[in-house]
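Protein chains in written order, with my numbering: chain V, 1 to 340; chain U, 1001 to 1340; chain X, 2001 to 2340; chain Y, 3001 to 3340.
A short worksheet on the structure shown next.
There are 4 protein chains.
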Amino acid sequence: MSKTKVGIINVTGYTGVELARLLAQHGEVELTSVTGRSAAGKKLGDVFPHLADINLVIEAELGEVDLAFSAMPHRESASEVMALFKRGVRVVDISADFRLKEAAGYRQWYNFTHPSPQLLAEAVYGLPELYRSQLASARLVANPGCYPTAAILALAPVVKAGLIEPEIIIDSKSGISGAGRTVSLGTHYPEANEDATAYALEGHRHLPEIIQELGLLYQGRLPAVTFVPHLVPMTRGILTTAYAPLASSKKGEEINKLYRDFYRGEPFIRVVASPPHTKHVWGSNLCLIYPTVDPRTGRLIVVSCLDNLVKGAAGQAVQNMNLMLGLPETTGLEALAVYP
Amino acid sequence: MSKTKVGIINVTGYTGVELARLLAQHGEVELTSVTGRSAAGKKLGDVFPHLADINLVIEAELGEVDLAFSAMPHRESASEVMALFKRGVRVVDISADFRLKEAAGYRQWYNFTHPSPQLLAEAVYGLPELYRSQLASARLVANPGCYPTAAILALAPVVKAGLIEPEIIIDSKSGISGAGRTVSLGTHYPEANEDATAYALEGHRHLPEIIQELGLLYQGRLPAVTFVPHLVPMTRGILTTAYAPLASSKKGEEINKLYRDFYRGEPFIRVVASPPHTKHVWGSNLCLIYPTVDPRTGRLIVVSCLDNLVKGAAGQAVQNMNLMLGLPETTGLEALAVYP
Amino acid sequence: MSKTKVGIINVTGYTGVELARLLAQHGEVELTSVTGRSAAGKKLGDVFPHLADINLVIEAELGEVDLAFSAMPHRESASEVMALFKRGVRVVDISADFRLKEAAGYRQWYNFTHPSPQLLAEAVYGLPELYRSQLASARLVANPGCYPTAAILALAPVVKAGLIEPEIIIDSKSGISGAGRTVSLGTHYPEANEDATAYALEGHRHLPEIIQELGLLYQGRLPAVTFVPHLVPMTRGILTTAYAPLASSKKGEEINKLYRDFYRGEPFIRVVASPPHTKHVWGSNLCLIYPTVDPRTGRLIVVSCLDNLVKGAAGQAVQNMNLMLGLPETTGLEALAVYP
Amino acid sequence: MSKTKVGIINVTGYTGVELARLLAQHGEVELTSVTGRSAAGKKLGDVFPHLADINLVIEAELGEVDLAFSAMPHRESASEVMALFKRGVRVVDISADFRLKEAAGYRQWYNFTHPSPQLLAEAVYGLPELYRSQLASARLVANPGCYPTAAILALAPVVKAGLIEPEIIIDSKSGISGAGRTVSLGTHYPEANEDATAYALEGHRHLPEIIQELGLLYQGRLPAVTFVPHLVPMTRGILTTAYAPLASSKKGEEINKLYRDFYRGEPFIRVVASPPHTKHVWGSNLCLIYPTVDPRTGRLIVVSCLDNLVKGAAGQAVQNMNLMLGLPETTGLEALAVYP
């Protein structure tokens, strides 16, 4: 039986290349086509030596595939996705272009008029822990952002249970690969090394996505979320610390049990008993979550962490693909974290 | 005229050695004695090659000095300080042993009975921006912790002005040197590199100090502070992001102006117009502060940063010494940050 | 059919824990027992969270296995290996205890009298690229050191072909994990970060191993090797630059072709066309080799790199095990490097 | 008495900005003008926050100064220098444009025809340890490259004494700031972090400078030098390991004494008794040198280290300026290294 053919649009960014790594090691699908404008015509292994075993040439246009991943920048991705959709190709879109339900959000946060509001309605938000059943039949999956994945997974159990007031602080620390492969002064090694900083305090583009999803869990009530992302000097990893007032007094153990129950059976969520380390998920598709209660103020504190390029991007995309194709959800994602 | 003689008890930790570096380059005092039990008898420059120009032997007991810095661990520092005090030596204590006003705090947070509650009353909390006038005549200065310095400076203007509700979240990111020079698995390079984590969620020892000082600014009302410290992979630097509800609606510019007014003339505080980078204070005694208002929730967000070993420890100790000795406050602390 | 049972003695060092990671993902053997004195009785996943999926308790003594890896420190490993040998268990010894052919080397370099010179004769040096045929039937394999693997693979083709004078300089740069998991001041993050240094200039213990193996390739003539290891601030990776005079004038392309021919078909050796990056082998079992000729002096320069914990230790041990068990050599070692 | 006015052409690269930091803290000269094309019109402190205390606007053209530093890229620097020279301004050129004595070298190594061979003859190579007497009256000083400074200082004593054969291997490890402030994929944080690599094996532009200076010390005999630079993941620092055959057998102590004698009284050279760490010179103008003899092969090994932006660039430029102006050589360069 021939394997499902899959392709990657824009393989040359960090998400694209991480997808290629994961798909090349995936036993149930075959990576048959990868595109990238600037590198078109080159062998994949010449641009990325760690992929030298993948015998593919980077193309200008995607070949015939059954399912495609778009790792294009936002706005550009939407048109790629629409074209694929017309051809009947199922798509996992890694960009932000189909994550928001309201077209107005794209004007407000991304400065463009969304070309296809009807596809927004069709797209399924690709967080399997919340939308597993819809993903099986999805024709278009909007793969969540890295920060939203860490934040929503950290808060979903208590939001859904109505246990916290909708006054939420999300403080996230990201490795530099989250800024992408395009060079800039801020990601120049001598600038980023031995430095920590906050950014986007006026509002990061991942914020509407977080509010939307938490709002759905609140059954439509939009929480007041303050989200501050930070860059810290490491390549991979996001550590998120979320704070919120508990609606009624709870002990840490009660909260911990609630989380364990909520995520029971989830292959990639691990509710842990002490604050997690990004190093413990390096290269894996895991998200570790540590919920606790501040003993003095009674506030909920949740620390979550994941590898921004795996569970925060390419790994989650593969997880979504597995669900779309009816494959075991963990196929190709079994790799343990590489430590130390 | 002979210079004031100063000494360092326990020169072999990171604070002690940083003090030695600063004092050796200080034109108005003379470093004449340094102690350290394990290294007693060795030349300072043999243990710390960057200090080879300082011609001192590490002693078991402190020689005759006019003013001493104690960089001993907490609990042990108290007895050193008491002995010095009896000899009439003025002291800057870098440990936590005289930071709390209430002796009960030491039992609760440090597991020992404080040996000298009367000295607690005598000690001045060494944050010059708040206590400059008392420091001139102080015989005992309790040098603040690194986290409290960044947190209190970030919040003092709005707390004093009564502009925020006493519901405060402080999320701090520290470089690894904050953990000291004593080796441990958590600070072993392969464990700490490419890792971010939160710790002490049950309550960090710097918390009572933060609450005490903010409470004094609130005129006795103790705020509900949640403080979560994090370790990020860099050697030096603390970046603190503080969150609090504004008591009444304010614009970012109003807040910014309030901060500029509050800190006007302060030699080591710079209220900045964009989120600061720890790299921009590396090796200097500066604290950069960026206050802003979250446009969607109206919450106050303040980002502050400093070098944990300078303004967060040894530099601030020198600043305190300058005030105690009637020297210009910036003497020996003029060095610009080393960038990149 | 039941799988071959394998065990790890001293799983708690970096080589041991990396072995556990690789063996847990190896489809053809079953990891059934792991030991570690200090952690005995604990779950493997409690000590190493990234291994939480491996359902094993760390034991004080190794259970019944068909093949064992000893990751004990040198000297202690020898007695473990001898005991296993008596029980008929095949062993891959990751320590240095069976790498040298001459017992005298242990007195000279390791300060102990080797307890079993006859086993030294029996042991096969576990560099598959040189000793593949002997490894299939080996009962005891001495897994090479990380530096020797990079150095010998870099030089074997020209030494065997008699193309260089035996005047060899080997300058190696290693990540800090090569120093092991035991904490020390030199590997304390604030000391090792932003630092580069050379060490062991009086003679590193990996030198006799390098000389022995190059000497065998020279058909007994011992080359004059200067080997200087360096520590650079990264967790994983060895980059080795080797220099030697060419016995007769050669062009870079000739040398490159010689290397390609020598390593043709080798699954884990890649002769590359430009200087390799340690990042391109991170987490994989590859060794990249770039041979060239200095155009001005005519000297041979060879740059090689590998992941010190994989091809430099645990991965090579698994490769040796595969050969011993008649499995495909790459089983369990197919993982691509994790980039970036 | 008014201070000597000095200026910096192209302040916006890492050498320029480091010069500004050092000159701003230099008590005997006044930094009055800085240029930079892309940033012209901006306040220096707006581009470089750590320099906010320097009240200068970046200009398009240099103002009136007594002495200028050119931190322009090579080729462009030559014309700047020639124009300054005509105006009677003394110049320290940090570019390579006046380092080579032979104009032909510029065609061969830098691909341009040198516009002023007569100035090449006039320029003094700015290595004070070798050319101190000529520097006092120099009108044009060619500030050495970072690699050549570390390499020449490591080898000068034995080359001048005729103690080594002219068969020299120089293996250097540099932090990433050596690649400058211009962004590139190779210096993008996620690419450079956790990576080590060699580059320029076909011949680095610093090689002719090294050969020229060692040749002059050999009294005209050009040594056969192989020089391989490497990038390692740190911001600052060069560690150089040099290897050469001793012309006659020597002990390590003899060599060490020779070095101590050669560098006796040098304010910035320290001959040390164990392999030095780049961390011990971070931010200082020191060069540490450790010469030894490989006990097995009798080869000389010398390890040297320095901060590439200080002794390797801006600090050495200030040292040269001090000599040109008749100031104490260490003025403005007294800062101890910042450790850890």
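C-beta atoms are modelled at their ideal positions from N, C-alpha and C, and glycine is treated no differently.
Under 8 Å between C-beta atoms of residue i and residue j
i	j	result
residue 2024 of chain X	residue 2058 of chain X	no
residue 319 of chain V	residue 336 of chain V	no
residue 3283 of chain Y	residue 1338 of chain U	yes
residue 1032 of chain U	residue 1065 of chain U	yes
residue 2259 of chain X	residue 2157 of chain X	yes
residue 3003 of chain Y	residue 3034 of chain Y	no
residue 1144 of chain U	residue 1099 of chain U	yes
residue 1013 of chain U	residue 1083 of chain U	no
Residue i: contacting residues in chain U (beta-carbon distance under 9 Å)
i	result
residue 3264 of chain Y	Here the premise fails: no neighbours, minimum Cβ distance about 15 Å.
residue 3177 of chain Y	1340
Rounded straight-line distance, which links the Cα of residue j to that of residue i
i	j	result
residue 1276 of chain U	residue 1304 of chain U	7 Å
residue 101 of chain V	residue 6 of chain V	26 Å
residue 2317 of chain X	residue 2200 of chain X	26 Å
residue 208 of chain V	residue 315 of chain V	23 Å
residue 1256 of chain U	residue 1160 of chain U	15 Å
residue 204 of chain V	residue 62 of chain V	31 Å
residue 992 of chain U	residue 1106 of chain U	Chain U is shown from 1001 up to 1340; residue 992 of chain U falls before or after that span and cannot be answered.
residue 2340 of chain X	residue 2049 of chain X	23 Å
residue 177 of chain V	residue 197 of chain V	15 Å
residue 2325 of chain X	residue 3313 of chain Y	58 Å
residue 1135 of chain U	residue 1323 of chain U	6 Å
residue 1128 of chain U	residue 3279 of chain Y	32 Å
Residue burial classification, residue i (beta-carbon count within 10 angstroms, cutoff 16)
i	result
residue 2236 of chain X	buried
residue 3037 of chain Y	exposed
residue 3150 of chain Y	buried
residue 3222 of chain Y	exposed
residue 1108 of chain U	exposed
residue 2299 of chain X	buried
residue 3372 of chain Y	In this structure chain Y extends from 3001 to 3340, so residue 3372 of chain Y is not present and cannot be described.
residue 2220 of chain X	exposed
residue 2253 of chain X	exposed
residue 3173 of chain Y	buried
Assumed close pair residue i, residue j - CB separation to whole angstroms, cut-off 8 Å
i	j	result
residue 1302 of chain U	residue 1290 of chain U	7 Å
residue 3243 of chain Y	residue 3152 of chain Y	Residue 3243 of chain Y to residue 3152 of chain Y, Cβ: 15 Å. No contact.
residue 1093 of chain U	residue 1138 of chain U	At roughly 11 Å, the Cβ-Cβ gap does not stay under 8 Å, so residue 1093 of chain U and residue 1138 of chain U are not in contact.
residue 1045 of chain U	residue 1052 of chain U	3 Å
residue 408 of chain V	residue 115 of chain V	Because chain V here runs from 1 to 340, residue 408 of chain V falls outside it and cannot be looked at.
residue 2191 of chain X	residue 2247 of chain X	Residue 2191 of chain X to residue 2247 of chain X, Cβ: 43 Å. No contact.
residue 263 of chain V	residue 271 of chain V	6 Å
Amino acids of chain X, ordered along the chain, whose beta-carbon sits closer than 9 Å to that of residue i
i	result
residue 48 of chain V	2280 and 2339
Chain-ordered neighbours of residue i on chain V, where CB pairs are closer than 9 Å
i	result
residue 3184 of chain Y	183 and 188
residue 2025 of chain X	334, 335 and 336
residue 2260 of chain X	Within chain V, no residue comes near residue 2260 of chain X; the closest Cβ sits about 14 Å away, beyond 9 Å.
Contact list for residue i against chain X, beta-carbon separation under 8 Å
i	result
residue 1235 of chain U	2189, 2190, 2193 and 2194
residue 14 of chain V	2340
Interface partners of residue i on chain Y, CB under 7 Å
i	result
residue 2299 of chain X	3226
residue 1051 of chain U	3336
Where residue i meets chain U, residues with beta-carbon distance less than 8 Å
i	result
residue 3283 of chain Y	1283 and 1338
Contact set between residue i and chain X, taken where Cβ atoms lie within less than 7 Å
i	result
residue 3292 of chain Y	2201
Scan the stretch 186 to 203 of chain V for residues whose Cβ lies nearer than 7 Å to a Cβ of chain C and list them as they occur along the chain.
Among the protein chains in the structure shown, which are V, U, X and Y, there is no chain C.
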